[in-house]
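Okay, so the sequence shown: first residue is 621 according to my numbering, each after it adds one. Virtual Cβ for every residue (Gly too), placed ideally from N, Cα, C. Below is one structure, written out as structure tokens; the observations come after it.
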Amino acid sequence: MLLRVISDVHSNLPALKAVLEDPPGAGADSTLCLGDVVGYGADPSKCISLVRKQCRLVVRGNHDAGAAGQVSLDRFNWEGATAIRWTRDVLSGEEIRWLSMLPHFHELQEFFLCHSYPADPESWTYVLRRNQALASIEARKGQVSLIGHTHLPGVWSEDGQYSEIDSGDLESVRLINVGSVGQPRDRDPRAAYLLIDTEKRTWEHRRVEYPIDEAAARIREESLPEVLWQRLYRGT
């Protein structure tokens, strides 16, 4: 089975379309979304619609929870909170209800899916240090955890060693950050997603060019904070 795993779309419609149209992933048997469908960008409704049509499973991200009124905006920086307030205003009641009902995690075969921290999915902890990776691996023994949240693609082995390699075999990893579709932060502005082939037992981080100008123009049109479109060009 070929799995396409996306995360952190952040209302970036051009990036989401580019990822879904990327030829290797277009033949996937299932698409999984690790949350943060909304936030930062200017097309939340269209991104929600596309994710609902395309994704077999979706888990809740912190920006989704913020838009649904389930997380205090005090936990976000000014730009993030401003975008969430705007998002609340433009989403329909049905769309907000959908966000509010997303689960914190899913389990699919050998995979554990959550937005942030497999050891405590509701904490919104960023997995950035070895001890956090080890805690995640220990909490989900025998599973491969798939996460987003940091917008930084990477993998961790059983002993908590981190790597930014682009591909490998599933047996050598226990934790995979799939990166961000809509706001990459690894200084590569291309949209990121993950492919997993469960028969070949392989994984691959994919990067896709998309029309950043279109996403940036939409953010400007809605008078959202300018840093939210500027950072798309930098990949930070």
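Other residues of its chain near residue i: CB distance less than 8 Å, five sequence neighbours each side excluded
i	result
Pro723	Val679, Arg680
Asp789	Arg821, Thr822, Trp823
Ala670	This sequence places Leu at residue 670; Ala is not what is there. For Leu670, where only same-chain residues beyond five positions count, the Cβ hits under 8 Å are Leu633, Leu636, Lys637, Leu640.
Glu758	Ala739
Val847	Glu699
Ala648	Leu622, Leu623, Arg624, Leu815
Supposed close pair residue i, residue j - CB separation, criterion 8 Å
i	j	result
Gly645	Tyr813	7 Å
Ala687	Ile716	7 Å
Val658	Ser692	That pair is no contact at about 17 Å.
Gly780	Arg750	4 Å
Thr651	Arg672	At roughly 11 Å, the Cβ-Cβ gap does not stay under 8 Å, so Thr651 and Arg672 are not in contact.
Arg827	Leu815	Incorrect: roughly 12 Å between the Cβ atoms, too far for contact.
Cys653	Ile626	5 Å
Counted within 10 angstroms of its Cβ, other Cβ atoms place residue i as buried (16 or more) or exposed
i	result
Pro664	buried
Pro809	buried
Gly700	buried
Asp833	exposed
Asp786	exposed
Arg838	buried
Residues near residue i by beta carbon distance below 7 Å, same chain, minus five either side
i	result
His771	Asp628, Gly799, Ser800, Gln803, Pro804, Arg805
Ile704	Gly659, His683, Gly686, Ala687, Leu693, Phe696
Arg840	Trp849
Asp642	Arg826, Val828
CB of residue i within 8 Å of CB of residue j, strictly
i	j	result
Leu766	Ile796	yes
Trp858	Ser756	Because the chain here runs from 621 to 856, residue 858 falls outside it and cannot be looked at.
Gly774	Gly655	no
Leu677	Leu719	no
Met621	Thr856	no
Gln763	Glu730	yes
Val777	Arg760	Looking at the sequence itself, residue 777 is Ser, so the reference to Val does not match. Not closer than 8 Å, so no.
Trp706	Leu844	yes
Ala811	Tyr782	no
Proximal residues to residue i (C-beta, below 6 Å), its chain only, five neighbours per side dropped
i	result
Thr702	Pro845
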